[in-house]
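Asker: Below are the structure tokens for one structure; questions will follow.
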Amino acid sequence: MGHDAPHLLALFENSYSKYMNIQIVGTVEYIDIGNGTWAVITDTDEQYEIWQPAPEAILQEGLKVKVNAKIRDDVFTTAAIGDVLEIEDFQRLG
Amino acid sequence: MKKFLLSCLFFVGLFWALSSYQGLAVQGKYDSMVLNFRDNLSPAQVERELKAISAKYGIEPKFNSPFSKSENLYVVKGDAQVLEKLKQSEELLNLTEYVEANYVYSMEFIGDSTPNDPMYKEQWNLKAIEVEKAWQKTKGKGITVAVIDTGVSKVDDLKSTNFVKGYDFVNDREDASDDNGHGTHVAGTIAQSTNNNFGVAGIAYEANIMPLKVLSASGGGTISDIAEAIIFAADNGANVINMSLGGGGESKLMQDAIDYAYKKGVVIVAAAGNSNRNAAFYPARYPKVIAVSATGSTGEKAPYSNYGAGIDLAAPGGAISRGKNGEKGDTSGGILQNTIDPKTKQSVFSSFQGTSMASPHVAGVVALIEASGVKDPEKVFQILKQSSRKSTDDTLNYYGAGHLNAAAAVNLASQGQLGIPDFLRWARDNGYLSPRFWVDGGAIALIPKLIMMIGSYLLAWLLNRWFPFRWNWSFNNGIFFGGAGLFFLRGFYLFDVTQLPFRIAGSSLPELGNAFSNTNALNPITASVLLPLGLLLILLGHPQWKWFAIGSAIGTSACLATSAVLAPQMMWIGEGSPAIAFLSVNSLLCFGFAYLSIKSETSTL
């Protein structure tokens, strides 16, 4: 128990004071809202906005990707299409 | 015989009272009809049907914009007679999701208030909110609107617009120019230079713009900058704040800044967000912020717009079709303003879509309201709600209190006569103690519900006069669930999840069927004698529960009778006489079965 406690605390801090890490699989799409933004759309139609600057290579319409990212709940955008993803790395699929 | 006459008189009286009741909706003018064909029809089927319509009625349906083609949304011009015929065509009823009046937002131009801006005719959105009539009274002079966004550049069509000192919180400097194009577009909707023989018009074009840059060239920014900008606006004399931004989470910092500005008398308006979800995003979700959803040029909810929990009002946000290769399609359904090209920084006229575009429509109208003399945020909000054009079938709260109407808002503000505050307003405000929960006071048509309740108790009283029986708890419950149900639950929302459980819990027996399909059209299976009859057959042997079944038959009878007169609208059967006949017959059958059951119960005693 004594061994686990610091680890649990770290998890707690990670989700509350910092950003949540997430891995998602989806398709990159350009969304025409306002003057436009890039997004990852999952198979279940969840929309995530790609925070800029993002790796240039991911910004391709229709690209299937698996991304590791942080959810930035401390930022707001003009597009307001959903959670904002700061992409750490990504993998092309298919 | 006397009793029979008495009951006939009762029904005649009830029907007379109901038919003289005008309903809660504000009726508008229309000269065309919207046909929304079912999405599962093939283009060939739709094409065939359109040809049939034009051959039969001599009118040609057109799709409203290329965007609406994919949604199978068509508009037909025609006078009231043709439209009435169309509405009653059985074939159309089967093939369409709905056929309804395409209300015109008054198109008549009034003398001097039609501006000479050459591209004004493309601004369907300004006609939709009837801004010209509002301009006869005020153009927003003396009111300051803070635009918390990507900055505002003084493009050509903002040259004669008044600016007050702003700030760039991204680069920490006084010059709050735009390097993205979003903020300038938003400022254009609020106060584009108007009647200057150039470009387009804005809503409150004599108001002052306070440019506050919190979002970078790529369109994003932090909570801390936004919170600072809100406080800057409140401290520097802004009357209205527009925030066309969203996506982040809840924040104490931002909440405090909003409360601070609100206490200083600033009206805060924000975009509901663009993910077609049942929830307004932050900051629109905060209790003191007016959350605006977006509509397209037909007045329908724009496909991207958030809805439901937290939405206060709807305004034009535009709907643009998607062209080939992700390019923009026909942009005529978008909101046209002067802004900058983000790449070249040159002045351009661009059509955008988004709740970002809807929010400044409301902010502009707030400036007009304030210039008419009403400045208290609570009162301004009430004027916006009271003056909005109500939507009759808004079961998912797409439009909040209704569609923004500048003319009615300014009229109401200058008359200074406000109605009583919202039903359930207290619950809504208290609901905000928990940010997960929201109440839509407008979701419940209170008067029909009261008529249903009173009607059921009158029927029960009548039967009690005939055959004296003991009025017990089960009987009361039966009447209640058959007639009205826990109707107040219909307006309850939890953010981000489906509202369905509340709709079901808030339905009376006859309404159960349409609780699932999110319409006001009653389902003939549940809105009939079937459920009460089933309950009677099952429960008649039980000493207590039989009274629940009898009560529910009486309640259902009153509910169906009320619907037959006030809102004869049924799935599959349609509106008008067939629905009235169906509901009336079933209402009488329910009453008949209740009568027979009570008669046999009391005679065996």
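Residue numbers (numbering that gives the first Met the number 0), protein chains in the order written: chain X, 0 to 93; chain L, 0 to 604.
The C-beta atom is built at its ideal place from N, Cα and C for all residues, glycine as well.
Nothing here was measured: the structure is a model prediction, and the numbers come from that model.
(1) Using 8 angstroms as the Cβ pair cut-off and three pairs as the minimum, do the region 250-263 of chain L and the region 209-218 of chain L touch?
(2) Mind checking if L/M452 is an interface residue toward chain X, Cβ cutoff 9 angstroms exclusive?
(3) Would X/T77 and L/D167 be called neighbours here (beta carbons separated by less than 9 angstroms)?
(4) Do you know whose CA, among L/N238, L/N404, L/P567, lies nearest L/S390's CA?
(5) Please report the Cβ distance between X/D31 and L/R276, rounded to the nearest whole angstrom; I am assuming they are in contact, meaning their Cβ atoms lie under 8 angstroms.
(6) Given that L/F351 touches chain X, what residues does it touch there, using C-beta distances under 7 angstroms?
(7) Span of the beta strand (DSSP E) holding X/W37?
(8) How big is the Cα-Cα spacing for L/G22 and L/K84?
(9) X/G81 versus chain L: which residues are under 7 angstroms apart at the beta carbon?
(10) What residue does the alpha helix (DSSP H) around L/I646 start on, and which one ends it?
(11) Looking at the strands, I want to know which residues DSSP matches up with L/A313.
(12) Counting only Cβ pairs nearer than 9 angstroms, list the residues of chain X close to L/S243.
(13) Going by DSSP, what residues sit across from L/D571 in a beta bridge?
(14) For the beta strand (DSSP E) that L/T143 lies in, which residues bound it at each end?
(15) Which chain L residues are close to X/D73, counting only those with a beta carbon under 9 angstroms from its beta carbon?
(16) Under 8 angstroms between beta-carbons, which chain X residues line up against L/N179? List them in chain order, please.
(17) Is X/P52 close to chain L? Criterion is C-beta to C-beta, closer than 9 angstroms.
(18) Flag this pair as yes or no: are the beta carbons of X/A68 and X/I23 separated by less than 9 angstroms?
(19) Taking Cβ positions only, does L/D148 come closer than 9 angstroms to chain X?
(20) For L/T330, is the classification buried or exposed, using 16 other Cβ atoms within 10 angstroms of its Cβ as the cut-off for buried?
(21) So what does DSSP say about L/E377, is it helix, strand or coil?
(22) Using the rule of at least 16 other Cβ atoms within 10 Å of the residue's Cβ for burial, across every protein chain shown, is L/A593 buried or exposed?
(23) Compute the distance between the beta-carbons of L/G333 and L/Q352, then report whether it is under 9 angstroms.
(24) Are there 16 or more other CB atoms within 10 angstroms of the CB of X/W50, so buried, or fewer, so exposed?
(25) For L/L252, which residues from the same chain have a beta carbon less than 7 angstroms from its beta carbon, with the 5 sequence-adjacent residues on both sides left out?
(26) Please name the residue in L/V265, L/D234, L/V379 whose C-alpha comes closest to that of L/M242.
(27) Against chain X, which members of the region 255-275 of chain L pass a CB distance test of less than 7 angstroms?
(28) Can you tell me whether DSSP reads X/V83 as helix, strand or coil?
(29) Give me the DSSP bridge partner(s) of X/G91.
(30) Check the C-beta distance from X/G81 over to X/Y47 and give it rounded, since I have them as a contact under 8 angstroms.
(31) Would the beta-carbon of L/G533 fall within 9 angstroms of that of L/F479?
(32) Whose C-alpha, out of L/L499, L/H181, L/K126, is nearest the C-alpha of L/P341?
(33) Does chain L have any CB closer than 9 angstroms to the CB of X/I30?
(34) How should L/S120 be labelled, buried or exposed, when 16 other C-beta atoms within 10 angstroms of its C-beta is the threshold for buried?
(35) When you compare only the Cα positions, how much space is there between L/K611 and X/A56?
(36) Return the residue from the list X/I40, X/G33, X/K63, X/V83 that minimises the CA-CA distance to X/F99.
Answerer: According to the structure data:
(1) The answer is no - the region 209-218 of chain L does not touch the region 250-263 of chain L, with fewer than three Cβ pairs under 8 angstroms.
(2) Taking the first residue of the second sequence as position 1, residue 452 of chain L is located at position 453. So no, L/M452 is outside the interface.
(3) For this step, residue 77 of chain X is matched to residue 78 along the first sequence. For this step, residue 167 of chain L is matched to residue 168 along the second sequence. No; because the gap between Cβ atoms is not below 9 angstroms, this pair is not in contact.
(4) Taking the first residue of the second sequence as 1, we reach residue 390 of chain L at position 391. Nearest to L/S390 by C-alpha distance, out of L/N238, L/N404, L/P567, is L/N404.
(5) Within the first sequence, residue 31 of chain X is the residue found at index 32, counting from 1. Within the second sequence, residue 276 of chain L is the residue found at index 277, counting from 1. At roughly 18 angstroms, the Cβ-Cβ gap does not stay under 8 angstroms, so X/D31 and L/R276 are not in contact.
(6) Position 352 of the second sequence, counted from the start, is the residue given in the question as residue 351 of chain L. The answer, in chain order, is G33, N34.
(7) What you label residue 37 of chain X is simply residue 38 of the first sequence in a count that begins at 1. Counted as a single uninterrupted DSSP element, the beta strand (DSSP E) harbouring X/W37 occupies residues 36-41.
(8) Taking the first residue of the second sequence as 1, we reach residue 22 of chain L at position 23. Taking the first residue of the second sequence as 1, we reach residue 84 of chain L at position 85. Low per-residue confidence applies at L/G22: pLDDT is 38, beneath 50, and the placement is therefore not dependable, though the value from the model is reported in the following sentence. Distance between the alpha carbons of L/G22 and L/K84 is about 23 angstroms.
(9) Within the first sequence, numbered from 1, the residue matching residue 81 of chain X stands at position 82. At a C-beta separation below 7 angstroms, X/G81 has these neighbours in chain L: G246, S274.
(10) With chain L running from 0 to 604 in the structure shown, residue 646 of chain L is simply not present.
(11) Residue numbering aside, residue 313 of chain L sits at position 314 when the second sequence is read from its first letter. Residue pairing from DSSP places L/A313 in a beta bridge opposite L/S292, L/H402.
(12) For the purposes of this step, residue 243 of chain L is taken as residue 244 along the second sequence, with counting starting at 1. Simply G33, T77, A79.
(13) Along the second sequence, one-based indexing puts residue 571 of chain L at 572. Reading off the sequence, residue 571 of chain L comes out as Trp, not Asp. As DSSP reads the structure, L/W571 sits in no beta bridge.
(14) For the purposes of this step, residue 143 of chain L is taken as residue 144 along the second sequence, with counting starting at 1. Taken as a continuous stretch (DSSP letters only), the beta strand (DSSP E) holding L/T143 covers 143-148.
(15) Counting from one through the first sequence, the residue named residue 73 of chain X turns up at place 74. Ordered by position in chain L, the residues that pass the 9 angstroms Cβ test against X/D73 are T221, I222, S223, G247, G248, S250.
(16) On the second sequence, position 180 is the one that residue 179 of chain L refers to. Within chain X, the residues near L/N179 are N34, T77.
(17) Position 53 of the first sequence, counted from the start, is the residue given in the question as residue 52 of chain X. X/P52 counts as touching chain L.
(18) Taking the first sequence and counting its residues from 1, the one referred to as residue 68 of chain X is at position 69. Taking the first sequence and counting its residues from 1, the one referred to as residue 23 of chain X is at position 24. Yes; because the gap between Cβ atoms is below 9 angstroms, this pair is in contact.
(19) As a first step, residue 148 of chain L must be located in the second sequence, where it is residue number 149. Chain X contact via Cβ: present.
(20) By 1-based counting over the second sequence, the position of residue 330 of chain L is 331. Its Cβ being crowded by 16 or more others within 10 Å, L/T330 is buried.
(21) Taking the first residue of the second sequence as 1, we reach residue 377 of chain L at position 378. Three-state DSSP puts L/E377 in a helix.
(22) Locating residue 593 of chain L in the second sequence gives position 594, counting from the first residue. By the neighbour-count rule (16 or more Cβ atoms within 10 Å), L/A593 is buried.
(23) By one-based count along the second sequence, residue 333 of chain L stands at place 334. By one-based count along the second sequence, residue 352 of chain L stands at place 353. A distance below 9 angstroms separates the beta carbons of L/G333 and L/Q352.
(24) Numbered from 1 along the first sequence, position 51 holds the residue referred to as residue 50 of chain X. Buried, because 16 or more other Cβ atoms sit within 10 Å of the Cβ of X/W50.
(25) In the second sequence, residue 252 of chain L corresponds to position 253, counting from 1. Contacts found: I222, S223, A226.
(26) Numbered from its first residue, the second sequence carries residue 242 of chain L at position 243. Put simply, of L/V265, L/D234, L/V379 the residue whose alpha carbon is nearest the alpha carbon of L/M242 is L/V265.
(27) So the list reads A270, G272, N273, S274, given in the order they occur along the chain.
(28) Taking the first residue of the first sequence as position 1, residue 83 of chain X is located at position 84. In this structure, X/V83 counts as strand in the three-state DSSP scheme.
(29) Stepping through the first sequence from its first residue, residue 91 of chain X is reached at position 92. Before going on, a small fix: residue 91 of chain X reads as Arg here, not Gly. Partner(s): X/V64.
(30) Your numbering for residue 81 of chain X matches position 82 in the first sequence. Your numbering for residue 47 of chain X matches position 48 in the first sequence. About 6 angstroms; that satisfies the 8 angstroms criterion.
(31) Sequence index remark: in the second sequence, residue 533 of chain L carries index 534 (1-based). Sequence index remark: in the second sequence, residue 479 of chain L carries index 480 (1-based). It is not a contact, given that the beta carbons lie outside the stated cut-off.
(32) For the purposes of this step, residue 341 of chain L is taken as the residue at position 342 of the second sequence. The shortest Cα separation from L/P341 among L/L499, L/H181, L/K126 belongs to L/H181.
(33) Working through the first sequence from its first residue, we reach residue 30 of chain X at position 31. Using a Cβ-Cβ cut-off of 9 angstroms, X/I30 counts as an interface residue toward chain L, since at least one Cβ of chain L sits closer than that to its own.
(34) Against the second sequence, residue 120 of chain L aligns to sequence position 121. The displayed chain sequence assigns Lys, not Ser, to residue 120 of chain L. For L/K120, the number of other beta carbons within 10 angstroms of its own is below 16, and it is reported as exposed.
(35) In the structure as shown, chain L begins at 0 and stops at 604. Residue 611 of chain L is therefore absent and cannot be evaluated.
(36) Any answer about residue 99 of chain X is impossible in this case: the structure gives chain X only from 0 up to 93.
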